[in-house]
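One structure below.
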Amino acid sequence: MINATKKWIFLKISSVILMPLMLWFLFNLVSYYDKSYDEVLLFFTSQPTKFLFSLFIIFAYFYSSLSISEVFEDYIESEKLKYVANRLLYLFAIIIPISTLLLLFKLSL
Amino acid sequence: MKEKNPLSPHIQIYNWHISSLISISHRITGIINIILITLICLWTALLLLGDINYELIQKFFETFFGKFLIMGTVWSFSFQILSEIRHLFWDLGLGFELKTSKITGLLVIFGSFILTIFVFILGRNLIL
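Chains A and B are the protein sequences, given in the same order.
First residue of the first sequence? That's 5 in the working numbering, and the numbers climb one at a time after it.
First residue of the second sequence? That's 900 in the working numbering, and the numbers climb one at a time after it.
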């Protein structure tokens, strides 16, 4: 199987997993965005929110990095620039969710 | 000769149709969404600042810009969800006919606004 096919399959699987998580997060975002510190903290540090939010962040960055790299593929001509842009994108998509998950863990202590 | 992928034609050369509008909006909202998700991560990080400092964030969400940001996030995610469902149907080989494609395109546009309103009504408990 060529890399582009693998990438497409990962993109589709992650989109199917991400859609219900996105919808779940939207309902909660609208409910909690203007709530007090204690309520927001309790929301992010209690289960099942912690588990679902972690999944949401992981799949959101995974899906976004794959789909944005498709945009790079379509619009960046220079192979060198495309390589750098993709590496930076993947690095960003790894660092931010891991930092957020560590932070959630710290908040739960 | 070195093999290279062809680049997409620049967007200005297209005549605008529903399908092209949805296609470019799908990509733009995809990029906006990764920025919004990063802001959501930042929001959780700000919880580390503690109770007193978080009041500033709470006040920001009460401003017009704060509410606009939340509403924009809900719309952008809603658009992406519906547009991705349209893509999944295409992946199954369904909905390629010109008329069907126009109808599903319109459903994505209007549906994203309806879904945004629906999320706000249910999320804010606006139904008795």
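For every residue, glycine included, the Cβ atom is placed at its ideal position computed from N, Cα and C.
From a predicted model like this one, the values you see are computed outputs, not experimental measurements.
Backbone CA spacing between residue i and residue j [nearest angstrom]
{"i": "A/Ala-97", "j": "A/Ala-64", "result": "9 Å"}
{"i": "B/Leu-993", "j": "A/Asn-90", "result": "32 Å"}
{"i": "B/Trp-974", "j": "A/Pro-101", "result": "23 Å"}
{"i": "A/Tyr-79", "j": "B/Ile-933", "result": "18 Å"}
{"i": "B/Asp-899", "j": "B/Ile-1008", "result": "Nothing in the structure corresponds to residue 899 of chain B, since chain B is present only between 900 and 1027."}
{"i": "A/Asn-7", "j": "A/Phe-76", "result": "16 Å"}
{"i": "A/Phe-60", "j": "A/Leu-22", "result": "7 Å"}
{"i": "B/Leu-935", "j": "B/Phe-964", "result": "14 Å"}
{"i": "A/Lys-86", "j": "A/Val-20", "result": "27 Å"}
{"i": "A/Ser-68", "j": "A/Ile-99", "result": "14 Å"}
Spatially closest choice to residue i from the options, by CA coordinates
{"i": "B/Glu-996", "options": "B/Ser-907, B/Ser-918, B/Pro-905 and B/Asn-904", "result": "B/Ser-918"}
{"i": "A/Leu-30", "options": "B/Thr-999, B/Gln-979 and B/Lys-1001", "result": "B/Gln-979"}
{"i": "A/Lys-16", "options": "A/Pro-52, A/Asn-32, A/Val-44 and A/Leu-70", "result": "A/Leu-70"}
{"i": "B/Trp-915", "options": "B/Gly-1004, B/Leu-946 and B/Ile-1013", "result": "B/Gly-1004"}
{"i": "A/Leu-56", "options": "A/Leu-105, A/Leu-111 and A/Lys-86", "result": "A/Leu-105"}
Run through the segment 901 to 955 of chain B for me and flag every whole alpha helix (DSSP H) of 4 or more residues, listed as ranges in chain order. 917 to 945
Three or more beta-carbon pairs under 8 Å between the segment 940 to 950 of chain B and the segment 1018 to 1027 of chain B, yes or no? no
The segment 970 to 984 of chain B in contact with the segment 922 to 938 of chain B per 3-pair CB rule at 8 Å: yes
Cβ pair count under 8 Å reaching 3, the segment 55 to 73 of chain A against the segment 17 to 26 of chain A: yes
Under 8 Å, CB to CB, which of the residues in the segment 934 to 947 of chain B have a partner in chain A? Ile-936, Thr-937, Ile-939, Cys-940, Thr-943, Ala-944, Leu-946 and Leu-947
Taking only beta carbons into account, state which residues of the segment 5 to 18 of chain A come closer than 7 Å to chain B, listed in chain order. Lys-16
Touching by the beta-carbon criterion (3+ pairs, under 8 Å), the segment 960 to 975 of chain B and the segment 28 to 47 of chain A: yes
Looking at chain B, which residues of the segment 52 to 74 of chain A have a Cβ within less than 9 Å of any of its Cβ atoms? Phe-57, Phe-60, Ile-61, Ala-64, Tyr-65, Tyr-67, Ser-68, Ser-69, Ser-71, Ile-72 and Glu-74
With 8 Å as the C-beta to C-beta threshold (strictly closer), list the residues of the segment 1000 to 1018 of chain B near chain A in chain order. Val-1018
Unbroken alpha helix (DSSP H) runs of length 4 or more, entirely within the segment 956 to 1012 of chain B: which are they? 963 to 990
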